[in-house]
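Residue numbers for the sequence shown follow our numbering, so the first one is 409 and each next one is one higher.
The block underneath contains the structure these notes are about, expressed in structure tokens.
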Amino acid sequence: MTKIRTVAKYVFLTIVSLISIFPLYWMAVSATHASIDVIRGALLPGNYLFKNLSNLLAASDVRGAMINSFKYSIMMTILALFICSLAGYGFEIYHDKAKDAIMAVLLLAMMVPFVAIMIPLFQMFSKWGLLNTTLGFLLPTLSTPFLIMLFRQSARSFPHDILEAARLDGLNEFNIFLRIFIPTMKSTYASAAIITFMGAWNSYLWPKVIMTEKTSITMPMLVANLKEGYVTDYGVLMLAVLLCSIPTVIIFFVLQKQFAEGITGAVK
């Protein structure tokens with residue numbers, strides 16, 4: 409009976425894995441076909457990849473969009489991790505009567521959809537001269553309530569004895585955070601980095617609103633631009649989507665173990 413259950417479990421997991429992988433496979437295969445073959449539902453690789461690549465490079469600035477996406481995503485990841493981990497660490501380590509009230513406000517902030525504040529943000533940033541700037545792109549998402557809560561939960565497992573020992577050795581509070589807390593929470597930082605990088609990389613709505621110049625477009629914006637007009641070359645479109653997906657897929661596969669450890673540690 410146990411052997412049957414084991415076989416059934418692996419069969420089920422195999423089926424689920426194939427279903428999960430199929431969209432990526434279909435996207436990669438479609439990138440090697442002409443538009444008409446994509447519409448017909450081709451499931452085997454074709455020989456149109458280099459033609460699609462040539463058409464994509466001729467129709468859009470892929471290199472510029474890729475550089476912009478990497479620049480914005482990396483900057484957002486580094487800054488958001490530093491700010492949110494510092495906030496989460498402070499919420500858990502230091503005792504203050506107002507911290508529970510502040511956390512309640514953060515939880516309420518998570519319930520407000522971004523589209524509800526997007527127009528006021530745009531008007532405010534327009535007055536401040538932050539349109540088409542990196543700062544305008546980054547500011548609304550540098551402090552994320554979810555990441556603050558993630559780091560706060562992880563900080564609960566931080567040994568307070570080490571904290572007291574570091575203070576006795578003369579380390580100030582900021583150095584304790586930099587030299588002890590950050591190295592101790594590598595798994596949490598890895599999982600938060602994946603979440604933040606993927607969110608920044610796939611972000612479309614806010615960049616579309618704040619970045620109005622062609623030189624500032626990101627990969628999701630480039631993909632959306634390929635769909636504009638009456639005729640869409642689906643082979644070129646699928647190649648652009650594939651190029652847009654590859655970085656996040658690679659990052660997740662490289663850091664998936666740390667991601668699982670970080671999330672598991674945060675919910676304990």
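Think of the CB as a built atom: it goes at the ideal place given N, C-alpha and C, for glycine as much as any other residue.
On a predicted model such as this, the values are computed, not experimentally measured, just so you know.
According to the neighbour-count rule (16 or more other Cβ atoms, all chains shown, within 10 Å of its Cβ), is residue 660 buried or exposed? Flag for residue 660 reads exposed.
Inter-residue CB distance, residue 693 and residue 630 (contact presumed, cutoff 8 Å): Outside the displayed range of the chain (409 to 676) lies residue 693, so it cannot be described from this structure.
Expressed to the nearest angstrom, what Euclidean distance is found between the alpha-carbon atoms of residue 555 and residue 475? Each residue's alpha carbon lies about 26 Å from the other.
Taking the alpha helix (DSSP H) that residue 508 belongs to, which residues open and close that run? Membership of residue 508 in the alpha helix (DSSP H) is indicated by the continuous run 507-518.
Residue 468 and residue 633 - do their beta-carbons sit closer together than 8 Å? Yes; because the gap between Cβ atoms is below 8 Å, this pair is in contact.
Can you confirm whether the region 501-509 touches the region 444-460 when touching is taken to mean that 3 or more C-beta pairs between the two stretches lie within less than 8 Å? With the rule of 3 Cβ pairs closer than 8 Å, the region 444-460 does not count as touching the region 501-509.
Starting from the C-beta of residue 546, find all residues in its chain whose C-beta is less than 8 Å away, skip the five residues before and the five after it, and write them out in chain order. Within the same chain, residue 546 has close Cβ partners 480, 483, 484, 487.
Along the alpha helix (DSSP H) that carries residue 610, what are the first and last residues, could you check? Its alpha helix (DSSP H) spans residues 594-610.
If distances are taken between C-alpha atoms only, which option among 528, 602, 642 comes closest to residue 461? Of the candidates 528, 602, 642, the one whose C-alpha sits nearest the C-alpha of residue 461 is 642.
Does the count of Cβ pairs from the region 611-622 and the region 565-582 closer than 8 Å reach three? In this structure the region 611-622 does not touch the region 565-582; the number of beta carbon pairs closer than 8 Å is below three.
Kindly indicate the opening and closing residues of the alpha helix (DSSP H) around residue 633. Under the DSSP assignment, residue 633 falls in the alpha helix (DSSP H) whose first and last residues are 627-634.
Please work out which residues of its chain come closer than 8 Å, Cβ to Cβ, to residue 435, disregarding the five sequence neighbours upstream and downstream, and give them in chain order. So the list reads 646, 649, 650, 653, once near-sequence residues are dropped.
Just to confirm, is the Cβ distance from residue 560 to residue 499 under 8 Å? Their beta carbons are under 8 Å apart, which means residue 560 touches residue 499 by this criterion.
Would you please state the rounded distance, in angstroms, between the beta carbons of residue 595 and residue 666? I believe it to be under 8 Å. Between residue 595 and residue 666, the beta carbon gap of about 5 Å places them in contact (Cβ cut-off 8 Å).
Best match in 552, 627, 614, 613 for proximity to residue 464 [C-alpha to C-alpha]: The shortest Cα separation from residue 464 among 552, 627, 614, 613 belongs to 627.
Examine the Cβ distances between the region 605-612 and the region 520-527 and report whether three or more of them are shorter than 8 Å. Between the region 605-612 and the region 520-527 there are fewer than three inter-stretch CB-CB distances shorter than 8 Å, so the stretches are not counted as touching.
Just the Cα atoms here: how many angstroms apart are residue 558 and residue 570? About 21 Å.
Residue nearest to residue 515 in terms of C-alpha spacing, selected from 551, 411, 600: For residue 515, the closest C-alpha among the options 551, 411, 600 is that of 551.
Considering just the uninterrupted stretch of the alpha helix (DSSP H) at residue 572, what are its terminal residues? In the DSSP assignment, residue 572 falls within the unbroken alpha helix (DSSP H) covering 568-576.
Name the residue from 441, 456, 458 whose alpha carbon lies nearest to the alpha carbon of residue 450. Of the listed residues, the one whose Cα sits closest to residue 450 is 441.
What's the call for residue 428, buried or exposed, on a 16-neighbour Cβ count within 10 Å? Residue 428 comes out exposed.
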